[in-house]
Amino acid sequence: MNQPEVICLGETMALVTPTEAVPLEDASLFHLSVGGAESTVAMYLAEAGYRTSWASALGDDPFATRILRFLSSQGVDTSFVQVNREAPTGIYFKNPGRGSTRVHYYRSGSAASTMGEKTLDSLPLKGARLVHTTGITPALSPSCNELMAALSERLHSVGAKLSFDVNYRPGLWPVADAAPALLKLARQADYVFVGRDEAETLWGTTTPASIRDLIRPGGKLLVKDGSVGATEFSADGEVFAPANKVDVIEVVGAGDAFAAGYLAAELGNSPALECLQHGHELAARTLRSTSDFAPLLGP
């Protein structure tokens, strides 16, 4: 691939789900696929026609082979993925339940958790328009936290922009640690995506306006409020777009789809309302699917 326009940086894992919608303890047959917040965004952006690379670290194992093969099949460049022969690829399981799906992660000590500031040295940041990452990465390990702390300065020094989805994961770190760290990262980003509910959990904010007042965005802040809709705050003011009406099958991955849809339109210089609407359209595709990534064309 030529110089990527977008680099998505973060962990992707092997995903195991029951082939039937039954709890894990009752399942006999399982499906192996791929899941990760940043790589989901990468696949949607590649689908939209942008030169997109996914950067991370994987183990030297069959799960890594499956991940690389799948992302490549979706048009995502994987040439900046590091292979760590001393650490495994992470894996997680979806556990279907009545009305909701629980997710069980097994990522402690994974290859991705060994990433650090030196990981940035191998990435073609100069020439990229945007790097997208999430609040999952700094929670993986101290070295990943160092990577995130250095990312904004590195990007801005070469004229690239940072897109940051807060994406708080309570299972990775407690609110007391996550809240100040994620707020600092959000304030450094050019695009910030955050759910109204997770912002309330982290910072006690209750409205989109109070989130704006706390983060004080220098670029664009996108506040997602589930089935209500999403609001963009920027120097040009405030724009709201209601969410699409959807018969929800599963919510996992919808936030990443929204971010991808918004960014795809934003990179194409679309007006704010169209960016929000495109985000909702991709989120709706995911909400109607059991997969984190719902391609426009089937496999």
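So in UniProt numbering, spot 27 of the sequence shown is number 27, and the numbers just go up one at a time. From the three backbone atoms N, C-alpha and C, an ideal C-beta is built for every residue, glycine too.
Could you round the C-beta distance between H132 and V6 to whole angstroms and report it? I think they count as a contact, below 8 Å. For the purposes of this step, residue 132 is taken as residue 132 along the sequence shown, with counting starting at 1. For the purposes of this step, residue 6 is taken as residue 6 along the sequence shown, with counting starting at 1. Going by Cβ atoms, the distance from H132 to V6 rounds to 7 Å, so yes, they are a contact pair.
Work out the CA separation of A260 and H280 for me, nearest whole Å. Taking the sequence shown and counting its residues from 1, the one referred to as residue 280 is at position 280. Taking the sequence shown and counting its residues from 1, the one referred to as residue 260 is at position 260. One C-alpha to the other measures close to 10 Å.
With a threshold of 6 Å on Cβ separation, who are the neighbours of N145 within its own chain once the five nearest residues in sequence on each side are excluded? Along the sequence shown, one-based indexing puts residue 145 at 145. P138, listed in sequence order.
Ordered list of alpha helix (DSSP H) runs contained in the segment 18-59, each at least 4 residues: 37-47
Once DSSP output is grouped into helix, strand and coil, what is the label at Q82? On the sequence shown, position 82 is the one that residue 82 refers to. Strand, per DSSP.
Run of the beta strand (DSSP E) containing Q65, from where it starts to where it stops: Taking the first residue of the sequence shown as 1, we reach residue 65 at position 65. The question names Gln, yet the displayed sequence has Thr at residue 65. Element bounds for T65: not the beta strand (DSSP E) but the alpha helix (DSSP H), P62 to S73.
In chain order, which alpha helix (DSSP H) runs of at least 4 residues are fully inside the segment 131-195? 137-140, 142-157 and 175-188
DSSP beta-bridge partners of L97: Residue numbering aside, residue 97 sits at position 97 when the sequence shown is read from its first letter. Looking at the sequence shown, residue 97 is not Leu but Gly. Note: G97 sits in a beta bridge opposite S100.
Is E232 closer than 8 Å to A199 when the C-beta atoms are compared? For the purposes of this step, residue 199 is taken as residue 199 along the sequence shown, with counting starting at 1. For the purposes of this step, residue 232 is taken as residue 232 along the sequence shown, with counting starting at 1. No.
For a test of your reading of the model: does the CB of D77 fall under 7 Å from any non-hydrogen atom of the ligand MG? Yes or no. Ligands displayed in this structure: none; no statement on the ligand MG is therefore possible.
Coil, strand or helix - G10 by DSSP: On the sequence shown, residue 10 is found 10 positions in, with the first residue counted as 1. G10: coil per DSSP, three-state reduction.
Note down the Cα distance separating G218 from F293, rounded to an integer number of angstroms. In the sequence shown, counting from the first residue as 1, residue 218 sits at position 218. In the sequence shown, counting from the first residue as 1, residue 293 sits at position 293. Answer to the nearest angstrom: the Cα atoms are 30 Å apart.
Could you say which of L45, L68, N2 and P23 lies nearest to M13 if we only look at CA atoms? Counted from its first residue, the sequence shown places residue 13 at position 13. Checked all of L45, L68, N2 and P23; the closest Cα to M13 is L68.
Should Q74 go down as buried or exposed, given a rule of 16 or more other Cβ atoms within 10 Å for buried? Looking up residue 74 in the sequence shown gives position 74. Looking at its Cβ environment, which holds 16 or more other Cβ atoms inside 10 Å, Q74 is buried.
For M43 and T65, what's the separation of their Cα atoms in angstroms? The count along the sequence shown starts at 1 and reaches residue 43 at position 43. The count along the sequence shown starts at 1 and reaches residue 65 at position 65. Taking the straight line from one Cα to the other gives about 17 Å.
Report the rounded CA-to-CA distance for P96 versus P18, giving the unit in angstroms. Here the question's residue 96 lines up with position 96 in the sequence shown. Here the question's residue 18 lines up with position 18 in the sequence shown. If you take the alpha carbons of P96 and P18, they lie about 8 Å apart.
Could you give the DSSP three-state label for D213: helix, strand or coil? As a working mapping, residue 213 is identified with position 213 in the sequence shown. Helix, per DSSP.
Top-ranked residue by Cα proximity to C8, from Y50, A27 and F30: Taking the sequence shown and counting its residues from 1, the one referred to as residue 8 is at position 8. Nearest of Y50, A27 and F30 to C8, Cα basis: Y50.
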